[in-house]
Every structure is written in structure tokens, then in C-alpha cells.
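What follows is a set of notes on a single structure, which appears directly below.
Protein chains: 2
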Amino acid sequence: MTTLGNMMSLPLLISSILTHAVNNNPNQQIVTALDDGTTHEYTYTNFAARTRKLATALNTRNIQPGDRVGTLAWNTYRHLEIYYATSGIGAICHTINPRLHLDQIAFIINDAQDSILFFDHHFTALVEKLATLCPSVREWILLNEGEHNSRQSDSWSSYSDWLTTSDTDFAWPVFDENTASGLCYTSGTTGNPKGALYSHRSTVLHAYASCHPDAVGISCRDAVMPLVPMFHVNAWGLPYSSLLSGAKIVMPGANLKGDALYRLCESEGVSISAGVPSVWQGLLDHTQANGLVFSTLRRAVIGGAACSAHMIVAFARINVAVRHAWGMTEVSPLGTVCTLTSEHQNLSAQEQQTVLSSQGRPLFGAEFKIINENGQRLPHDGASTGNLMVKGNWVIDTYYRDTKSALMDGWFHTGDVATIDKLGYLRITDRSKDVIKSGGEWISSIDIENIAMEHPDVLVAACIAQKHEKWGERPLLVVVKKPSATVGAADILNMFINRITKWSIPDEVKFIDDMPMTATGKLQKNALRNLFEN
Amino acid sequence: MTTLGNMMSLPLLISSILTHAVNNNPNQQIVTALDDGTTHEYTYTNFAARTRKLATALNTRNIQPGDRVGTLAWNTYRHLEIYYATSGIGAICHTINPRLHLDQIAFIINDAQDSILFFDHHFTALVEKLATLCPSVREWILLNEGEHNSRQSDSWSSYSDWLTTSDTDFAWPVFDENTASGLCYTSGTTGNPKGALYSHRSTVLHAYASCHPDAVGISCRDAVMPLVPMFHVNAWGLPYSSLLSGAKIVMPGANLKGDALYRLCESEGVSISAGVPSVWQGLLDHTQANGLVFSTLRRAVIGGAACSAHMIVAFARINVAVRHAWGMTEVSPLGTVCTLTSEHQNLSAQEQQTVLSSQGRPLFGAEFKIINENGQRLPHDGASTGNLMVKGNWVIDTYYRDTKSALMDGWFHTGDVATIDKLGYLRITDRSKDVIKSGGEWISSIDIENIAMEHPDVLVAACIAQKHEKWGERPLLVVVKKPSATVGAADILNMFINRITKWSIPDEVKFIDDMPMTATGKLQKNALRNLFEN
Ligand SMILES: Nc1ncnc2c1ncn2[C@@H]1O[C@H](COP(=O)(O)O)[C@@H](O)[C@H]1O
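Order-wise, the sequence lines are chains A and G.
Here the UniProt record's numbering is used: the first residue of the first sequence is 1, the next is one more, and so on.
Here the UniProt record's numbering is used: the first residue of the second sequence is 1, the next is one more, and so on.
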């Protein structure tokens, strides 16, 4: 007979993060970069008060628990208010990626059946087109507040009017911790986007795990700048983990260019930031071009796409420690983060960089395995390459509105191909659909791209499979040069000698002017394959 | 209508800490100091294998889910094996404080109805007495393994025999996360001891929160030495949080003297340690007497009783940062830990020490309030003093075997009296039963003790209330001098001038030879009050 413990049972709710944060850090700041180069600043106390007002307004306007509330917005304090207010009343915060194609955005809003939608003034033209395509949205709310000359229109209401209600007496409701809190669609390259429907429990557990010293590791003395957009898997949970930790929050707004980000880092004393490699590259280029160093930034969490050893070294040179992270929409998103263990302390700097360029080890609460095509577990020996499977409390079990489970024997199939070593370090070699199989052997496109990116004249490199009569497939390297660079194919191919096995070296390099990228900063290999078919 | 999220739902189980730890840190070490001055060392892999064997043995010997398994043991790898094996199969790990009186121990075992009991050879004499007093215990198991000449007896079996079974095919069972996992009795100074029955959920959430950078903050590069005994509220959860983090674990065994602990710290590279002030004092005295510094120790978590500013300064001088923590058996135990916020960075060193001498701020998941005698909430202004109430998922709601709730309106009454400031910093002024009320004003005995302890000749100081005709009560200071110290009452009383209000200064100092302490290292003020009753 099982005995239950005699402990209090309080639901894990997102509103409890807000309550904890404001009770213990009333004066902590939330700073947002505005379009005009100035900043908006206020405290956790102001933030909490406005969030309660917004919650009251949502209730007043009859937003019900379970209703989807859409957002098309950059990283700002207002977006943060919407995060906490919607989830706090039991509604679902549905962040939409404005970089997707109009059809995809319309599809997503219609699939989610959003009741209302908040949008930044940058997206007014988009919203005008969406309005007729998305009948479920009964109110479009412009996130204005007079700080920019936003166009007025009869078709939308304004955020400032929503916040006129008083928050007196409002208290966050208490409900089941498994209640849905947020919705995010994967920007799948094939088929229609699919939604991941997070719960309060999954979000709070993910926040607990993210704060671990070997994960994002946020303290109340940190200033955290999420470069990753709040429409990209909840900015990797930073809106939760930063508040939970009582950290200063620095929101970059719409301008993610290197110079703007550098200025913001310096003026706001940012110590931790997180984003995809392409945005970090912009920041790095700016510092290198101008001989700059960071005064306060000490940790760069980089993920969403593979971060090269090259970038890790470049940041190490200016005393910024890169933490390479792996995640995906279906995993809330953080699965692994890379730090060294005590076993690595005696390795050479170069050997340590090799470890640091892997995607790292699981957060407590996420478990990984790799399997072969027959579903058999492969050993964690750092060599066996297989399909990456994950499970944990912040992993989806079904896609939104789907009836059939997204799992295989209780595990979620990530679609990534990886090795895992005996210390649990994950190394992603490919998306399974990007795998190159040459003469029966797998070639890692990520390895090849990382080496090519080391060339000072290479801006971006992508490696794809090209059909080949004899070998089945052969790797083709596609390169965008830096402006005014003169590098040739042979220079680049020379870099591979003695770095990888001979048969893995691409036969050819093709130069193009622009790299097709997805809306979340990943190489769009589909488009490349179409371009170079045969 | 509420919508639930579409996330996996896996129970939060203690066995998942073990699985995570061993999968990702197979070679990490667990080192135990043995009686003969040598150490026992093995890896997480060995530990996990032996724990599975023990679990198999518990199953074989018919230990059922819900059964209580007692321990009378020091901090060793074997005790850790028992922790994980018992909870892992759904049984309850019941740690017993061997420093209590025989009657109390017998009462506790009988109240818990322990089925079997594991004990260290240090406690064989105790066990011989207990055997006849505790009929529920059907097997007493000596934690021998041939490393000491333990007396054999027909009345008990031996641990080494329990570990002969093979662990092939054993898999940790999956069950409700609210299942009871551990039992610990409070060593209350009045009335019978009462049990706190922890659950898997409460233990895992407590571990998540403890690992936060502003709580205990453990990384996989740390070596953690729990000075606090594993029979004292699960060594403050370090057996869970350290494994969760993949840290090296250093178990001090039975010898908690300053010289032994110092040697162990140095030889094992301990970076974080945690315990009550009296044990830390022993370690500090040893370093001071011998002009020693620590090579690797950088963080001392001190709690269980108030840590003086004096001790914090002394450790700061040798580059060890003290983190003052507050907890209690009913709170698993960690409620608050003290670190500075960015608001404190510009304060003077002395002002910072004042902050650091407070008990700190709540872990995310614990919430505090203070109330007056009428149950009304008092402001968090750092001045209003009230009864401290706590709630959270790792706070008990009922005592073991009790039917009535231990809560008042959903809050647990800690029995402590405290202030809370606007940043959430808790400052315990007294146990409510130790409060001194003089002329209608409350006097904090902890403040007075901390000042007295600053005198170099004072070993321990305790301040208690003495009945007084005019003022109701007056503070009496009781002091144990250091060996061969010559300090007089006037010297000590002079220290209070201009430090606290005049009427708070004790009228008298009494010198005694030994301070009565509880089994968990707290001043036993009851005994003092009896001693000095007019
Ligand atoms: N650090 C990383 N290295 C390589 N690929 C990554 C990394 N982080 C994320 N990804 C890829 O991004 C996918 C998730 O995309 P998304 O759901 O849009 O965030 C993963 O399945 C990986 O293919």
C-alpha cells in the first residue's frame, strides 16, 4: 500500500513566478530599447501592477480560460506583460513569428483560433492583410503608447486604453498546474506548422531547471538580455527564468543589429544574453570591426542552430564564455547546455573547445537517447550516430489539436541526428532530413560547415547532399563570401585536409550572394537543395 | 472551460535524480572519510549499482511501498545508498538522530513503526538497548563492511550480506510523485517529537530550488561536503541537490572535529560545505589556531541556528563566502538563503555584512509572511516584528500520523519571530518561546548573542528572559568563556554600548562551564531558563 507524503500541494503556476519576483525584487528594473534609440525603464513593481491591470482588462473583455491570445511583437516590456497576464488568468499566450510568410501566419492564427491579437506598430501593414484572413480574431490591439507616431485605425484598438482599469483587489486565480499556458508553432520547413501547447507545470519546471548553474545559471545580480525573440519558443524561457531569479531584464526591441545591441549591453550592464548564432555573429562582427570589448557581458548562450568552435574561440578571446545549447519548440525549448565538468579541467584549451562546441548535457528533467532505424538504442560512446529521442516534463506529447500521440514508446523523436558520449554530451551532426549519406557512410554537414566558417572570408557556409551516381550522395558546399572577399573554392577546400576523412570532403564549392534562412535563423537547406538539384 | 497543456506528464521521483546523475556523470566521485583516517572512494556508477542491489534486497526481504526503514548513521556513502534505495522502491527513508535520549529515539522508532533499521557500528551499544524497546523492527542491519572490527551479534545482520544479490534487470518503479519518500522527526524541546513526512514531489522541487545560483548553487565542478548530518533534515537536501548537479560528494563520516574536517576539505578539494554554526566554529578555530587558509573551499552555507556577523567576517577574511540560510524540519528544510542583490553592490563592506548576517531571501517555491498576535499581516519594512509563517510545496501540511492540519489558513506557523524587509530579507529575532519582552518592548536575544560572540574570549553566548517585577522580563546573558580566558562581566557589557538601545542591554552576565545544546546544534534555552529560574 502506497503512503502519500504530508506536504502542502500548491500548483506550479506562472503567476507564482511573478508574485515571487515582485515580492522580493520590487525595485529591479526592466529596460526596453525603443525605436528612437532611447529606452523605457520601469521596475518589477510597475510591471506587476500593469500586468494585473491587463489581466483585469482581459477578464472584463471576456477572455476566458483556455482562450488563445495572439501576439505579433518584438521583445519589449509590453510583450512581457502579455505573457504574464494571459497565462495568469488561465488563457493561452500564443506568440506568432512575424517573419513567416503571410499565408503561414494566417494559417497559424486560424488553426489556433486566436480571440484577440496584440501587435507592435511595425506589423500594422501585416495586420491589415491578416484582418480579413483571420475571422476568429475579434479585436486587434496595437501596442502603442504614444512613444511613436503610430497610425490610428478604426480596425484596431490601442493597448494604452486597455490599461486604464484599476487593479485593486485583483488576485491571480489558482487552478490546475497542467492548464495550458502558452502556444508556439514550429516553423517546420515542410507541411503546415504545428503547435506546441505548454502548461504551467512544464513552464515552471523548465524555469527551475534553466536556472541551474550549469544551464543558463541566472542570479539576482545578473542583467539578462534575451536576443532570441519572444516569438521563438518563449525566448527560451528567459522571461520566466529571469524573473524567477530577480535579475534585471534588458529587452532589445526591434533592432537586433550589432551596433545597437553592443550599445545596449554596455549601457545596461548586460551580463548574460542568449540567441541564435546569426545574431551573435552580427554582434561579434561589430566588436571586431571596431576593436571593442564587453565591460560586463560574461556569458553568451548560443543555440537554435549549431554554434561553431570558431565563434566560441572568438568570444573567449574577449572574455565571454559561450554556452552552447540545444533546444526545440517541442522541448520548451531547452534540452541541453554545454559547460565543462571537472574531468575536463586538465585538457588543453583546444580539447576544451572541442567539448564546448558540442551541444552539451541534459538539464535535470530532460533525458535523451539515440536509436538506429530499427528503434534500437545505440551506445553513448561519442561515436555511434542515431536519431535523437527526448523525454521529460517540458516535452510535448501531442501537437495542438492533434489526437494521435507525437511519441514513440514514450519518447519524442526530435528529427535530429546525434552522438552522445559517455558523459552525456550531445553532438548534433544533422537534421535527419539534411543527412548526407555517401557510399553508405554518414557525413556530418555541421562538421563541414564549421570548418568552412573558420575561413576569414566566409560569411556563411551550408553543406547539402547532392545526388551522385556512384556514391548515392556527395556533399556540396555552398558559401556566401564576406563583402569584397576574394577567396576561391580551392582555398576553402584546402582547409579540410587532415581535418576530416578524405571521402567526407566536399568535391565542389558553389558561391551564392545570399543564404536562404528560416524565420528562426536556421539555414534553409530545402531551398538550397532545390537551387542545386543535380 | 479550462484547456490542459499537451505536455508529457512524468512523476517527479527521487530515482530520476539518480538516473540523471549516473547517466551524465558516471565517473564522478563519492568520497567518505573512514574512522581510521583513510577514505573510501567510488564513482556514481558504483554507487548506482550498489543502490540497485540494495533496492533488490529490500524487495526480496519484503519491504513494501510505504514501509518505514530506519537509519542511525553518520554521513557516509552507505547512508546515501539507503536514502536512494528505500525512496526508490517507494518505501520511506526514516533518518533518526542518534544524539537524542534513548527514550526519545525509542519513541520515534515506535511512532514510525520502522520495519528494519540500518545502523553504524558507533551505535551498537545504543541498538542493543533499543532492540527490546522497539518491537516493530524485525531486522537490525549493521553497516559494516570489514573496514572496522565490528562486534558481531546474533541480534543483527550485516549490510555486506545485503549487497550480494545481483542488480540485473532491476528498474526503478514509477509511481505517484506525491508518494512519501522520507521521514524526519523534529527534536522539539517540549512534547513528543513529531514527524515530517516528505514526498518525492516535495524533495525534487526542493532540490531544483536549492541548486539555484542564489541558493546553494551547486555545479558539476563543485565538491560538496555536507557537514550537516544526514539525520538532520536530510542533510538539508544536499544528497539530492549534489547528485542532481553531478558534483563530487565528500562525506565526513563520524569525525566532525576541526582538524579532521580541514584535512578532508584540502585533500578532496571541497568547494562548498554546509552545516550549523557550532561545527563551522570548530573548523574556523582550527584554521585560526594554526594560521591556515582553504585552497578550494569558497562557500560556507551556515544555518540551523543564527550565524553571527562575526563568523561571516572571519570566513570572509580567508576568502570563504558565508551564505546564511534559514530552514526547519517542517520545511524540508531550506526556506531562505542570503546573497546580496545588485542594490547592495554600492554599500560599504560593513553594511553588506549587516545584510549577509540576515537569514536571506526565499527560494523560489517558498513564500513568507509575518503576522501579529491577531493573525494580521505585518508590513515587510524590516522593522515590524511578527510570527513567521511559510507556505510552499516542500512545507508540511500535517504531522505524521496526525489527523488535524498543521496549517493556519494555508500557512505553516514556524514558531520563529522575525522581520522581513522590502527586498524579502528575513531576519530571525527569536524563537517565539525564547522572546524577551521587557517593558512591553521585544528584545532580540539573537542580536545580543551575536554582539557578545564578537568578544575574543567568548566561546558561546546565550541570552534568555528572566522574570522581573517592574519590567516583566529582563535579558540575562549566559556565557561560556574560551579556555584560560579572563574576561569579566563588565568587559562584555561594555560591548553593547551604542550598539543597541540602552534598555535592551542585559543587566547581568552569568558564566557557566558548558552550554546545553540540542541534538541538532541549537542553544537549549529551556535548560538555561531552568538553571537560572529565580
Ligand atoms: N545548438 C544547436 N545545434 C544544432 N542544431 C540546433 C541547435 N539548437 C537547435 N537546433 C536545431 O533546431 C531545431 C529546433 O528548431 P525550433 O523548434 O525551430 O527551435 C532542432 O531540432 C535542431 O535541429
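C-beta: ideal position from N, C-alpha, C; glycine also.
Treat the numbers as computed from the prediction; the structure is a model and nothing was measured.
Between the stretch 216 to 233 of chain A and the stretch 3 to 16 of chain A there are fewer than three inter-stretch CB-CB distances shorter than 8 Å, so the stretches are not counted as touching. If you draw a straight line from the Cα of Asp507/A to the Cα of Asp259/A, it comes to about 38 Å. Apart from the 5 residues on each side of it in sequence, Arg68/A sits with its Cβ closer than 7 Å to the Cβ of Ile92, His94, Ala112, Gln113, Asp114, Ser115, Leu183 in its chain, given in chain order. Between Thr76/A and Gly70/A, the alpha-carbon positions lie close to 15 Å from each other. Spatial neighbours of Leu407/A in its own chain (CB-CB distance under 6 Å, excluding positions within 5 residues in sequence) are listed in chain order as Asp397.
Annotated three-state conformation of Tyr198/A is strand, per DSSP. Closer than 8 Å to the CB of Asp397/G there is at least one CB belonging to chain A. Taking every protein chain shown into account, the CB of Asp36/A has fewer than 16 other CB atoms within 10 angstroms, so this residue is exposed. For Trp172/A, not one C-beta of chain G is nearer than 8 Å to its own C-beta.
Cys307/A has its CB nearer than 7 Å to a heavy atom of ligand 1.
Counted as a single uninterrupted DSSP element, the alpha helix (DSSP H) harbouring Pro239/G occupies residues 238 to 245.
Around the beta-carbon of Lys404/A, fewer than 16 other beta-carbon atoms lie within 10 Å, marking it exposed.
Distances taken from the Cβ of Thr95/A to the heavy atoms of ligand 1 include none shorter than 7 Å. Beyond the five residues adjoining it in sequence on each side, Ile17/A comes within less than 6 Å, by CB distance, of Tyr240, Leu243, Leu244 in the same chain, given in chain order. Around the C-beta of Glu351/A, fewer than 16 other C-beta atoms lie within 10 Å, and the residue is accordingly described as exposed. Note that the C-beta distance between Ser445/G and Ile420/G is not below 8 Å. Distance from the C-beta of Gln524/A to the nearest heavy atom of ligand 1 is not below 7 Å. A residue is called buried when at least 16 other Cβ atoms come within 10 angstroms of its Cβ; Leu523/G meets this threshold and is buried. At the C-beta level, Leu426/A and Ser357/A stay beyond 8 Å of one another. Here Trp236/A is buried. Its C-beta has 16 or more other C-beta atoms within 10 Å. In the three-state reduction of the DSSP assignment, Ile512/A falls in the coil class. In this structure, Ser210/A and Tyr198/A do not form a Cβ contact; the two beta carbons are roughly 14 Å apart against a cut-off of 8 Å. Close to Glu343/G, with beta-carbon spacing below 7 Å, are these residues of chain A in chain order: Asn27. Shown here, Gln466/A sits in a strand according to DSSP, grouped into three states.
Under the DSSP assignment, Phe532/A falls outside any beta strand (DSSP E); it carries neither an H nor an E label. Sorting Ala485/G, Tyr185/G, Arg317/G by C-alpha distance to the C-alpha of Phe107/G places Tyr185/G at the top. Leu72/A is a Cβ neighbour of Phe119/A, given a cutoff of 8 Å. Under the Cβ criterion of 8 Å, Lys194/A is not counted among the residues facing chain G. Under the three-pair Cβ rule at 8 Å, the stretch 250 to 264 of chain A does not count as touching the stretch 363 to 373 of chain G.
In the three-state reduction of the DSSP assignment, Lys53/G falls in the helix class.
The closest CA to that of Ile318/A, considering only Leu292/A, His79/A, Ser332/A, Cys307/A, is found on Leu292/A.
Excluding its 5 nearest sequence neighbours in each direction, Gly439/A has C-beta neighbours in its own chain below 6 Å: Trp471, listed in chain order.
Using a Cβ distance threshold of 8 Å, Thr2/G and Gly195/A do not count as a contacting pair. With respect to the C-alpha of Glu473/A, the residue from Thr501/A, Ile448/A, Val458/A, Val435/A having the closest C-alpha is Val435/A. A direct Cα-Cα distance of roughly 46 Å separates Phe364/G from Asp514/A.
One finds Asn24 in chain A with Cβ atoms closer than 7 Å to the Cβ of Arg361/G, taken in chain order.
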